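For the sequence shown, this note's numbering gives the first residue as 271, with consecutive numbering after it.
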Amino acid sequence: MSVVLHREHYIVDKKPFFQHFHPKDLAITATRSVVIQGLNVLNDYVSTMDLSDHENSDDSDKEDGDEKAISQLPAAREFYISCTKLFVKSLSISTCLRCAEVVSIRIFSVSTVSRLIKDVGRSAARKYHRTGSRSRAALLMVKTGMWASVLSHIAIFIVEEITQIAQILYRQHQMRALNSSRSYSPLFKNRKEMDFFLQITYKNATRCALSIVTSGTAAAIGSFLRPGKGTNIGATIGDSIAYAL
């Protein structure tokens with residue numbers, strides 16, 4: 271996506287708005303979704319196998335049955351559904367991010383937009399060449415990396431909240447299908463459901479804020495090691511730390 275503000279190009283990312291819907295980008299997103307879900311399944315499988323190895327039971331038959339149940343891998347249909355959900359969520363986040371970029375261009379000043387939409391790798395390289403010191407460039411990249419990750423993590427937060435509301439509405443639809451006498455039901459039937467919704471929202475908001483901080487910090491560490499490529503790698507790792515907790 272490219273924009274000209276006051277006859278100058280301020281946005282590094284010049285891809286079309288719907289670039290992530292092109293066949294090549296869709297294939298990359300689908301492959302990444304399958305790989306991530308496969309790693310999740312493998313991690314769960316290894317974890318359950320480790321737990322089963324440390325279990326001690328007097329009944330050997332029961333233990334053998336438990337081990338068979340624990341070591342059973344998910345069915346192909348379940349794996350396909352999980353990959354599809356992850357794929358759709360990735361596309362939704364990318365689309366929401368592009369929308370956030372458009373909105374920021376429309377409502378914010380040029381200086382603010384240049385902070386929110388920035389290539390941190392190139393920015394770190396420029397700071398290093400300007401200052402001649404990796405440590406000074408790393409200190410400058412803390413704030414720059416945090417600014418550059420704001421829109422992406424806000425997009426993730428919005429998608430997570432929409433997903434949570436959609437799940438609540440789907441459960442209500444199932445409840446109404448079972449009990450056809452009730453044509454209308456509130457979004458939250460009791461205080462417990464409301465508290466659970468707010469708890470998940472607080473968790474998502476905390477992760478969003480923490481990811482912004484860790485992204486800037488990790489980008490600074492990467493800039494200290496190797497301005498440019500190291501910055502991009504560090505920012506990517508920092509983006510994922512809070513969501514892995």
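Don't be surprised by glycine CBs; every beta carbon is placed ideally from N, CA and C.
For clarity, every value in this text was computed on a predicted model and none was experimentally measured.
### Assigned secondary structure, PHE349 (DSSP; H/G/I helix, E/B strand, else coil)
Residue state for PHE349 is assigned as helix, using DSSP reduced to three classes.
### Message
Taking contact to mean 3 or more Cβ pairs, one atom from each stretch, closer than 8 angstroms, check whether the region 402-413 and the region 478-498 are in contact.
### Response
With a cut-off of 8 angstroms, the region 478-498 and the region 402-413 count as touching, because enough Cβ pairs lie within range.
### Task
Within its chain, find whatever has a CB closer than 6 angstroms to the CB of GLU430; leave out the 5 residues flanking it on each side and keep chain order.
ASN474
### Query
Using a Cβ-Cβ distance under 8 angstroms, would THR299 count as near chain B?
Absent here is chain B; the protein component of the structure consists of one chain.
### Query
Quick one: Cα of LEU367 to Cα of GLN289, how far?
12 angstroms
### 8 angstroms Cβ cutoff met for SER419 and ALA505
Between SER419 and ALA505, the C-beta gap is smaller than 8 angstroms, which places the two residues in contact.
### Message
Under DSSP, the alpha helix (DSSP H) around ILE387 begins and ends at which residues?
### Response
Neither: ILE387 is in no alpha helix (DSSP H) and is coded neither H nor E.
### Task
Pull up the distance between the alpha-carbon of ARG400 and that of GLN434, whole angstroms please.
46 angstroms
### Query
Relative to the C-alpha of VAL304, which residue among ILE424, ALA425, VAL358, LEU386 is closest?
Cα-wise, what sits closest to VAL304 is VAL358.
### Task
Tell me whether the beta-carbon of ARG404 lies closer than 8 angstroms to the beta-carbon of TYR398.
Cβ distance < 8 angstroms, so ARG404 and TYR398 count as in contact.
### Message
Along the chain, where does the alpha helix (DSSP H) containing GLN444 start, and where does it finish?
### Response
420-448
#### Entry: Nearest candidate by alpha-carbon position, reference ILE426, set LEU312, ILE503, CYS478
Considering only alpha carbons, the answer is CYS478.
### Message
For SER502 and TRP417, I'd like the C-alpha separation in whole angstroms.
### Response
The question names Ser, but residue 502 in the sequence shown is Asn. Going from the Cα of ASN502 to the Cα of TRP417 covers about 14 angstroms.
### Query
Under a Cβ-count criterion, where at least 16 other Cβ atoms within 10 Å of its own Cβ denotes burial, should PRO497 be classed as buried or exposed?
By the 10 Å Cβ count, PRO497 comes out buried.
### Helix, strand or coil at SER481 according to DSSP, with G and I counted as helix
helix
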